[in-house]
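Protein chains in written order, with my numbering: chain V, 3 to 115; chain G, 2 to 117.
Note that the Cβ used here is the ideal one computed from N, Cα and C, for glycine as well.
Notes to accompany the following structure.
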């Protein structure tokens, strides 16, 4: 049972344009969401997070949007840079004692110079 | 402040042998998590530990797998009598407090276990 879904395994975007990565979840207990970036042969690196009391969080070129009614979140990267080429994982957690992160299967983003 | 350190980076074991994966959390971090990533899949939670205590092992297979985080030294994930299906990347993460806004889990570079 995949509680966090990233339905696009891959995405290619021209350098300088906006990259939009999507994530859907099914568990209504999730109230904290994170995006991680992963290069080959390395561990995931934390990018940005959002709690369910917000619908938007911005950090530099990265913005995460949360639509609780649709159980959907997205990560926007603008402008996209070649160094952004990586696999992006969406993760979710239910705060208040549940410490496990539930990850999606990832989206491989390729930025085309 | 060094990041989360995992060793070895690569580990090859024959079927039936034991695998020991080590994780030293970031300085000041008392919460440790182990995740497993099978090829073409996302990371799957295995176990959450605090010093000397297993808090949540709901993702651990019932047999052959065990984890510890002793008072002194690194956290150890131990896999006994390995089988080919155990081949995966094992990631350790740590955090200073309970996860939440402003407190994220930082991951190590992983140990890639190959069972031959």
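Query: What are the residues in the segment 95-114 of chain G lying within 9 Å of chain V by C-beta distance?; Result: 96, 99, 100, 101, 102, 103, 105, 106, 107, 108, 109, 110, 111 and 113
Query: Just to make sure I have the definition right: I need the residues of chain V whose C-beta is within less than 8 Å of the C-beta of residue 120/G. Which are they?; Result: Nothing can be reported for residue 120/G, as the shown portion of chain G is limited to 2 through 117.
Query: May I have the straight-line CA-CA distance separating residue 8/G from residue 71/V, to the nearest angstrom?; Result: 43 Å
Query: Taking 8 Å as the cut-off, does the segment 79-96 of chain V touch the segment 37-45 of chain V (at least 3 CB pairs, one atom from each stretch)?; Result: yes
Query: If you draw a straight line from the alpha carbon of residue 3/G to that of residue 27/G, how long is it in whole angstroms?; Result: 6 Å
Query: Please state whether the Cβ-Cβ distance between residue 34/G and residue 49/G is less than 7 Å.; Result: yes
Query: Look up residue 87/G in the DSSP assignment and say whether it is helix, strand or coil.; Result: helix
Query: Name the residues in the segment 24-40 of chain V whose C-beta lies less than 9 Å from a C-beta of chain G; which are they?; Result: 34, 36, 38 and 40
Query: What does residue 92/G touch in chain V if you count any residue whose Cβ is under 8 Å from its own?; Result: 45 and 46
Query: Does DSSP put residue 57/V in a helix, a strand or coil?; Result: coil
Query: Give a yes or no on whether 7 Å exceeds the smallest Cβ distance from residue 44/G to chain V.; Result: yes
Query: Would you call the segment 74-84 of chain V in contact with the segment 47-64 of chain G, where contact means no fewer than 3 C-beta pairs closer than 8 Å?; Result: no
Query: Can you tell me where the beta strand (DSSP E) holding residue 39/V begins and where it ends?; Result: 34-40
Query: Would you say the segment 39-57 of chain G touches the segment 98-115 of chain V, given that touching needs at least three Cβ pairs under 8 Å?; Result: yes
Query: Name the DSSP bridge partner or partners of residue 86/V?; Result: None; residue 86/V has no bridge partner.
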